[in-house]
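In my numbering, the protein residues as written are 23 to 224.
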């Protein structure tokens, strides 16, 4: 590949990313607004935000809980949020005693309460541990915000009318993850705006 061919390939990657972001917001804007409002309602009602996901999607789940708990762009009170993906000891204990598909459900049985919100991230929607997390959240009286892609998979099939699905309109994993990343930024910025009046600029 010549230098000019590589240069063109790089430009096309950025163009694809921009077009992907534009398509995502054009299709999901109402659901994004609904998700932000649901998180704020939960926090104002003394509930908490619980996140989970597998692999790189789990990284975005952890990032969301971190920016809520710590800060996004400005200092403000810490918000009650935590992630179920990062406790390796708990995961291995649950997997050894029960099954890997219970690693989130068992934690939610103990930590999830009515008025809490579960935010899950899933590219394929087929992971049994995330499906079980959704059904356990429902059993605990929790609302679910699901960031999915493609056809939504089994995760989409267990969502209820009170849940919110943000299904990214892409098939390619890199573009899906980019959309998840941008959605986390959007959530964090608008939760701060609604709670504290911050007017962040991107």
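Ideal placement from N, C-alpha and C gives every residue a C-beta, glycine not left out.
* To do: Along the alpha helix (DSSP H) that carries residue 38, what are the first and last residues, could you check?
  => 25-66
* Check whether the stretch 120-128 touches the stretch 92-105, counting contact only when three or more Cβ pairs, one atom from each stretch, lie closer than 8 Å. => Between the stretch 120-128 and the stretch 92-105 there are fewer than three C-beta pairs closer than 8 Å, too few to call the two in contact.
* Asked: Counting only beta-carbon atoms, is residue 160 nearer than 7 Å to chain B?
  -> In summary, chain B is missing from the structure at hand, where a single protein chain is found.
* beta strand (DSSP E) segments (min. 3 residues) lying fully within the stretch 118-176 -> 139-143 and 165-171
* Going along the chain, which residues of its own chain have a beta-carbon closer than 6 Å to the beta-carbon of residue 197, five neighbours each way excluded? -> 42
* Beta-ladder partner(s) of residue 190, from DSSP -> 171
* Could you please give the first and the last residue of the uninterrupted beta strand (DSSP E) stretch that includes residue 108? => Run containing residue 108: none; DSSP gives neither H nor E here.
* **Alpha carbon of residue 122 to alpha carbon of residue 89, nearest angstrom** => 27 Å
* Indicate whether residue 187 and residue 39 have their beta-carbon atoms separated by less than 7 Å. => no
* In angstroms, rounded to a whole number, what distance separates the CA positions of residue 55 and residue 24? -> 45 Å
* Asked: With contact counted as at least three CB pairs below 8 Å, one residue from each stretch, are the stretch 164-180 and the stretch 139-154 in contact?
  -> Counting C-beta pairs closer than 8 Å gives three or more between the stretch 164-180 and the stretch 139-154, which meets the contact rule.
* Using DSSP bridges, identify the partner residues of residue 114. => In DSSP, residue 114 forms no bridge with anything.
* First and last residue of the beta strand (DSSP E) that includes residue 75? -> 71-75
* Could you check the C-alpha separation between residue 85 and residue 96 for me, to the nearest Å? => 16 Å
* Starting from residue 214, follow the alpha helix (DSSP H) in both directions and report where the run begins and ends. => 195-218
* Beta-carbon proximity of residue 209 to residue 58, cut-off 7 Å -> Against a cut-off of 7 Å, the Cβ pair of residue 58 and residue 209 comes out as a contact.
* How about residue 139 and residue 165: do their beta carbons lie closer than 7 Å? -> yes
* Asked: Opposite residue 104 in the DSSP bridges: which residues?
  -> 72
* Comparing alpha-carbon positions, which option in 66, 28, 156 and 134 lies nearest residue 169? -> 156
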